[in-house]
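Working notes, beginning with the structure itself.
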Amino acid sequence: MACAGRCTSPRATAWIAPISSLSALVFYIYPAIVTAGSALVFGTRFSLPQIGVLIGAVTGCALTVDLQGGSNRVALARSIRLDSRDCTSCHSTSRTRLSGFITGKPMFAGLDISAVTDLTPPDMTWDYLKRLRDIWPRRLVVKGLVTREDAELAIGHGVDGIVVSNHGGRAEDSGRPAIASLAEVAEGVRGRVPLVMDGGVRRGSDVFKALALGANAVGIGRPYIWGLASFGQAGVERVLEILRSELVTAMRQAGTRNIAEITRAYVA
1451 MACAGRCTSP RATAWIAPIS SLSALVFYIY PAIVTAGSAL VFGTRFSLPQ IGVLIGAVTG
1511 CALTVDLQGG SNRVALARSI RLDSRDCTSC HSTSRTRLSG FITGKPMFAG LDISAVTDLT
1571 PPDMTWDYLK RLRDIWPRRL VVKGLVTRED AELAIGHGVD GIVVSNHGGR AEDSGRPAIA
1631 SLAEVAEGVR GRVPLVMDGG VRRGSDVFKA LALGANAVGI GRPYIWGLAS FGQAGVERVL
1691 EILRSELVTA MRQAGTRNIA EITRAYVA
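This is the structure:
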């Protein structure tokens, strides 16, 4: 399913969206994905061999920083206890251990991961971003900023774009949506780099609000997954059609003739 889904989605988005974002954990299907459309890969830590392959495969990469402390996924933990299937067919150890989850993924081939306990280490610093910027020749985006100060620091370290995100609200339990941080981050960015808002987009009206608060684009996660799971590529295409149609409806209701006319004046 991973290969089929990750390849199908970029093909579905090619006619409406210029970029498909991909998790670093699906690294092994990039050749198929790149032929379907532009790819921006999200990850936390990249080894030098991985960076070498990325340079030849994608248009940019993003450093994910919105899950540094992990998350307490209660629903997942409950589901695992109720699932009696044999995990060893896919994982060398218990699937609750990271080393077992990533074993067998080609991006980790040849690496000793027996001691790996986390792909989102809490000790990541701005110096790591600087080192990544120094060795990565293409577009570099930071995903997971929610404050003006961090946005200004990221731009100072040479990033080419910023994604406002709190990892779908799974990293902390405050109930604060990503869009609540958007205006503050936009003030720090001041139009110097593209700004994307990711998380909680379910309707075209959500897209309108994000654009009004300073985003240049939005990311969608769950909606396209729902479409993919139900109807494959056609489902993804239909989800995008719905969002686009609803955005047009919101724009007409507000009297905005184009995206450029959507400003902060249209939101309270």
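In the working numbering, the protein residues as written are 1451 to 1718.
A virtual CB, placed ideally from N, CA and C, is assigned to each residue, including glycine.
Everything numeric in this text was worked out from a predicted model, so none of it was measured.
#1: Once DSSP output is grouped into helix, strand and coil, what is the label at ILE1670?
#2: Going straight from the alpha carbon of MET1647 to that of VAL1639, what length do you get?
#3: Tell me, which residues are paired with GLY1611 by DSSP?
#4: Apart from the five residues just before and just after ALA1724, which ones in its own chain have a Cβ nearer than 8 Å to its Cβ?
#5: Thinking C-beta only, is LYS1593 closer than 8 Å to ASP1516?
#6: Do the region 1522-1532 and the region 1579-1593 touch if we need at least three Cβ pairs shorter than 8 Å?
#7: Please classify ASN1522 as buried or exposed, where buried requires at least 16 neighbouring CB atoms within 10 angstroms.
#8: When burial is assigned at 16 or more other CB atoms within 10 Å of the CB, is GLY1431 buried or exposed?
#9: I'd like the span of the alpha helix (DSSP H) that includes MET1574, first residue to last.
#10: Which residue comes first and which comes last in the alpha helix (DSSP H) that contains LEU1645?
#11: Got a sec? Which residues, its chain only, sit under 7 Å from GLY1650 by beta carbon, not counting five neighbours each side?
#12: Would you identify the three-state DSSP class for ALA1633, choosing helix, strand or coil?
#13: GLY1669 and LEU1697 - do their beta-carbons sit closer together than 8 Å?
#14: Using the rule of at least 16 other Cβ atoms within 10 Å of the residue's Cβ for burial, across every protein chain shown, is PHE1658 buried or exposed?
#15: Which residue comes first and which comes last in the alpha helix (DSSP H) that contains SER1695?
For this structure:
#1: Taken through DSSP and simplified to helix, strand or coil, ILE1670 comes out as coil.
#2: In this structure, the straight-line span from the alpha carbon of MET1647 to that of VAL1639 is close to 13 Å.
#3: Residue pairing from DSSP places GLY1611 in a beta bridge opposite VAL1591.
#4: The structure shown does not extend to residue 1724, since the chain is modelled only from 1451 to 1718, so the question has no answer here.
#5: Taking a C-beta distance under 8 Å as the contact criterion, ASP1516 and LYS1593 qualify as a contact pair.
#6: Taking 8 Å as the limit for Cβ pairs, the verdict is that the region 1579-1593 does not touch the region 1522-1532.
#7: Per the 10 Å Cβ criterion, exposed.
#8: With the chain running from 1451 to 1718 in the structure shown, residue 1431 is simply not present.
#9: Boundaries cannot be given for MET1574, as no alpha helix (DSSP H) includes it and DSSP labels it neither H nor E.
#10: That residue, LEU1645, is in no alpha helix (DSSP H); its beta strand (DSSP E) goes 1645-1648.
#11: Closer than 7 Å at Cβ, skipping near neighbours: PRO1627, ALA1628, ILE1629 and ASP1656.
#12: If DSSP states are grouped into helix, strand and coil, ALA1633 belongs with the helices.
#13: In terms of Cβ geometry, LEU1697 and GLY1669 do not form a close pair [threshold 8 Å].
#14: Flag for PHE1658 reads buried.
#15: For SER1695, the enclosing alpha helix (DSSP H) stretches over residues 1683-1704.
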